[in-house]
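See below for the structure under consideration.
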Amino acid sequence: MSFSIDKLLRSAKAEIKAGQPTQARSTLLQALEKFPDNARLLTALAEAQQAAISLPPRPFAAPHLHHFLAVKQRFGLAPAIEEMAAAVRLNPGSPWAQGVLGAVLYDAKLYPAAVRHLRLALKLDPNFREAGVNLANALNGAGETAQALTAITQVLKTHADFPPALLLQARLLAKLQQDTQSDQGFTRYLALVPQDIEAAIDHAAILVNLHRLPEAKAKLLHVLQTQPTNARAMGNLGNILLSEGDLAAATRQFEAALALNPRAPIAFFNLGRARDFTADDPLIAQMQALTDDTSLDHDEQVALHFGLAKAFEDIGDADQSFAHLTRANDLRAGQISYHIDQDRAVLADLRARFAAHAGPALHPAAPAKRRPVFVLGMMRSGTTLMEQILSSHPMVHGAGEMEVLPQLAALETARTSGPLDQAALQRIRDGYLAALNAEPGDQPVVVDKLPANFRLIGLIRKALPEARILHMRRDPVAVCWSVYKTMFTNIGIGYAHKLADTIAYYDLYEAMMAD
34 MSFSIDKLLR SAKAEIKAGQ PTQARSTLLQ ALEKFPDNAR LLTALAEAQQ
84 AAISLPPRPF AAPHLHHFLA VKQRFGLAPA IEEMAAAVRL NPGSPWAQGV
134 LGAVLYDAKL YPAAVRHLRL ALKLDPNFRE AGVNLANALN GAGETAQALT
184 AITQVLKTHA DFPPALLLQA RLLAKLQQDT QSDQGFTRYL ALVPQDIEAA
234 IDHAAILVNL HRLPEAKAKL LHVLQTQPTN ARAMGNLGNI LLSEGDLAAA
284 TRQFEAALAL NPRAPIAFFN LGRARDFTAD DPLIAQMQAL TDDTSLDHDE
334 QVALHFGLAK AFEDIGDADQ SFAHLTRAND LRAGQISYHI DQDRAVLADL
384 RARFAAHAGP ALHPAAPAKR RPVFVLGMMR SGTTLMEQIL SSHPMVHGAG
434 EMEVLPQLAA LETARTSGPL DQAALQRIRD GYLAALNAEP GDQPVVVDKL
484 PANFRLIGLI RKALPEARIL HMRRDPVAVC WSVYKTMFTN IGIGYAHKLA
534 DTIAYYDLYE AMMAD
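Per our numbering, the very first residue in the sequence shown carries number 34; after that it's consecutive.
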C-alpha cells in the first residue's frame, strides 16, 4: 500500500508543480476512494485544492461557496462536483459542504449519492432547511415519493412557512393523489408567494381533481390575465372547457396554445381530444416530424404517440394508429416495474380480508349524515356518465373519484395480515364520513365514482352498511380497448400499458365481482 500511495503522491505533486492542480485533485480523489483515511493523501489533496481554487482548503465558508457557484456556472456540473467532492473530503464535518455537494449531485440526477450527502448534512445540522428540501427533491427524483413527503414534512415541522418546502409538499401530495391536502398546501404557499404563476396552474389542476371546476377556471383565467401567452394555462383551461362540453371554446384554447408552441406534443394531443383530424390535416405531418426529435422528454413522447394514434384512427388508418398506440404504451410501461401477479396478489388479499365471513362488521346505531353512493367497476365502464346523471338531482353531490377509502384501507391493512377488527373498521368509517362531510354543499347523498372501489366492496359492506353500490358494466372488449387507448394521468395503473395485462386484469375483476 505504501508504495502505491508514494507513487500517487509523486504523481499529484508533479501535476501541481506543472500547473495542473485540478488534475492532481482528480488523481487524489480517486486514491482516497481506496484509502479514505490516509493522512498523507488528505494533506496532498488540501495542497491541490488550494492551488486549484486559490482559497484555504479549510474551513468551508462563504468564499468557497461563491467560487463553487462560479465554477458551476462557467464550466458545468462535472468540475463543480469534483470541487465539492474535494471540499467534503477536507471538511467532512461541515453541513454546508455536505449540503452543497448533495445539491449539485441532485442537479446531475445522481440521486442515491445526493441523498447520502444530504442526509449527512442534516445529521450535522438538523435545522438546515435547504438541505431538507433538496433531500426531498432527491428522494422524489429517485422514485421514493412517499419518503420525499416524509422528508419535506420534517422540514416544515421546524420551518412552517418556508415557501420552497410548502410548494414541494403540495406537489408531492398531488403526485400521491392526496388532493385535499395538496389543495391546502397550495393555498398556504400561494398566500405567501401569490406571484408564482406555475404554482397557481398546479393548484388549478388539483381543484379540477376535486371537482371544483369554477374555482379552477377562475384561477386559470386570472393567470391568463397576468400572462396572456401562457400555453400551459391555455391547455388546462381548454381541458376544463372540454369537460364542460364546450368543444368550440376548448378547441380555441388548444389551437392558441399550439400556435404559441408548435412543437408541444401535449397541445397536439389535447387538440385531438376536442376535434377530429382529416386526411389532409397539416397537423398530422407536424406531429410525425416530431417523432425524430430527440429533445422531447419521456412524457412528451408519450403524449405525441397517443396524439398520433388518435389522428390516424380519425382518418381510418388502423395499422398506423395501433403502431403509435403500442409505442405510447410501451413508453409508459418502461417507466414502471409491473407484473400482473402484483395485482393478482393484492386482489386475493382483499378478497380474503373482507369476505363476508371474515372478521366483524359494524352495526351503527344511526346512519351517516350524508349517505355515500359508490359507483364502481372497471375503468372506462361508464362511471363518469352515471355520476353526472345522479348528481343532476338537487339532493345529490358528485364528489368525483375520491381516493379516501383506498388510503384509509391501506393504512389499516398495513397493520395486520388478517381481517380488520372493529376498531379499525370504525377508524375507516369515521375518516371516510369526515371526508364526505367536508365535501362542498349540504346534499344528503354523495357520489364517489372511483372505479377501483370494486376491490373494497367487502369493506364497504362492513364499515359503511348504509352505503349504496352501483356496479357499472360494459362490453369487456370495449372496456379493455378503451383502457389501452387512454393516456391516464396516473402512470401507476400498471395493467393499462399492455393488452395482455389489461385482459388479465379484467379477468381478475370479473372473478372478484362474482364473489
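C-beta atoms are modelled at their ideal positions from N, C-alpha and C, and glycine is treated no differently.
Nearest neighbour of residue i, chosen from the options [CA to CA]
i      : options                        : result
Thr183 : Ala193, Leu205, Asp363, Leu240 : Leu205
Glu66  : Leu257, Ala119, Gln421         : Ala119
Asn303 : Gly278, Ser328, Ala281, Gly271 : Gly271
Pro400 : Asn362, Gly392, Asp463, Asp313 : Asp463
Glu499 : Arg404, Glu80, His331          : Arg404
Gly340 : Thr327, Leu254, Ile369, Ala307 : Ala307
Gln214 : Ser515, Glu116, Leu199, Val226 : Leu199
Thr311 : Met428, Ile348, Ser59, Phe101  : Ile348
Gln459 : Leu395, Lys46, Val166, Ser328  : Leu395
Asp235 : Met545, Thr327, Pro227, Phe219 : Phe219
Arg365 : Pro397, Leu151, His331, Thr446 : His331
Trp514 : Leu489, Ser414, Arg122, Tyr465 : Ser414
Asp382 : Lys531, Thr449, Leu466, Pro295 : Thr449
Ala57  : Pro69, Phe68, Arg43, Asp70     : Arg43
Asp475 : Asn486, Gly431, Ile461, Leu453 : Gly431
Pro69  : Leu423, Arg507, Leu246, Val121 : Val121
Val437 : Leu423, Pro452, Met419, Glu472 : Glu472
Leu274 : Ala300, Leu246, Pro439, Ser354 : Leu246
Arg551 : Gly176, Tyr139, Thr178, Ala193 : Here the chain comprises residues numbered 34 to 548, so residue 551 is not present and cannot be evaluated.
Gln368 : Ile526, His150, Phe301         : Ile526
Ala259 : Leu280, Gln228, Ala496         : Note that residue 259 is Thr in the sequence shown, not Ala. Among Leu280, Gln228, Ala496, the Cα nearest to that of Thr259 is on Gln228.
C-beta atoms of residue i and residue j nearer than 8 Å
i      : j      : result
Asp548 : Arg377 : no
Ala233 : Leu223 : yes
Gly305 : Gln286 : no
Ala456 : Leu492 : no
Tyr517 : Met411 : no
Val480 : Leu469 : no
Gly109 : Lys142 : no
Phe521 : Ala533 : no
Leu230 : Gln202 : According to the sequence provided, residue 230 is Ile. The question's Leu does not apply to it. It is not a contact, given that the beta carbons lie outside the stated cut-off.
Leu316 : Thr324 : no
Ala81  : Pro125 : no
Ala136 : Asn167 : yes
Leu74  : Ile49  : no
Gly165 : Val133 : no
Arg386 : Thr446 : yes
Pro92  : Gln83  : no
Leu380 : Met546 : no
Ala207 : Ile373 : no
Leu157 : Pro128 : yes
Leu253 : Asp212 : no
Lys105 : Ala113 : yes
Ala391 : Pro439 : no
Met435 : Leu503 : no
Leu291 : Ala281 : no
Buried versus exposed, by CB contacts within 10 Å (16 or more), residue i
i      : result
Ala130 : buried
Lys501 : Note that residue 501 is Arg in the sequence shown, not Lys. By the neighbour-count rule (16 or more Cβ atoms within 10 Å), Arg501 is not buried but exposed.
Thr535 : buried
Met505 : buried
Asp216 : buried
Lys40  : exposed
Pro427 : exposed
Glu543 : exposed
Lys343 : buried
Asn523 : exposed
Met34  : Because Met34 sits at a pLDDT of 47, beneath the cut-off of 50, its placement in the model cannot be relied upon, and the point is left open.
Arg265 : buried
Gly52  : exposed
Val226 : exposed
Gln63  : exposed
Ala47  : exposed
Leu358 : buried
Pro298 : buried
Ala45  : buried
For residue j and residue i, believed in contact at Cβ under 8 Å, the rounded distance
i      : j      : result
Val241 : Ala249 : 5 Å
Leu98  : Leu78  : Between Leu78 and Leu98 the Cβ distance is about 19 Å, and since that is not below 8 Å, they are no contact.
Gly433 : Lys482 : 6 Å
Tyr144 : Ala171 : 5 Å
Leu409 : Thr416 : 7 Å
Residue i Cβ short of 7 Å to the ligand NAP heavy atom set
i     : result
Ile49 : For the structure depicted, the ligand NAP is absent and the ligand set is empty, with no information on it obtainable.
Proximity test, Cβ basis, 8 Å: residue i and chain C
i      : result
Ser414 : Chain labels in this structure do not include chain C; a single protein chain is all it has.
Practice item. Quick one: which unbroken alpha helix (DSSP H) runs of 4-plus residues sit fully inside the stretch 38–81? Chain order, please. Key: Within the stretch 38–81, the complete alpha helix (DSSP H) runs of at least 4 residues are 54–67.
Point to revise | Contiguous alpha helix (DSSP H) assignments of at least 4 residues, all confined to the stretch 312–370 | key: Counting whole runs of 4 or more residues, the stretch 312–370 contains the alpha helix (DSSP H) stretches 315–323, 331–347, 351–366.
**Study point:** Contiguous alpha helix (DSSP H) assignments of at least 4 residues, all confined to the stretch 166–216
**Key:** Complete alpha helix (DSSP H) runs here, min 4: 178–191, 196–208.
Exercise for review: Could you tell me which uninterrupted alpha helix (DSSP H) segments, each at least 4 residues in length, are contained entirely in the stretch 458–516, listed from first to last along the chain?
Suggested key: Those alpha helix (DSSP H) runs which fall completely within the stretch 458–516 and span 4+ residues are 490–496.
Exercise for review: Just list the alpha helix (DSSP H) runs in the stretch 369–455, keeping only unbroken ones of 4 residues or longer that don't cross its boundaries, in chain order.
Suggested key: Counting only runs of 4 or more, we get 373–386, 416–424, 437–446.
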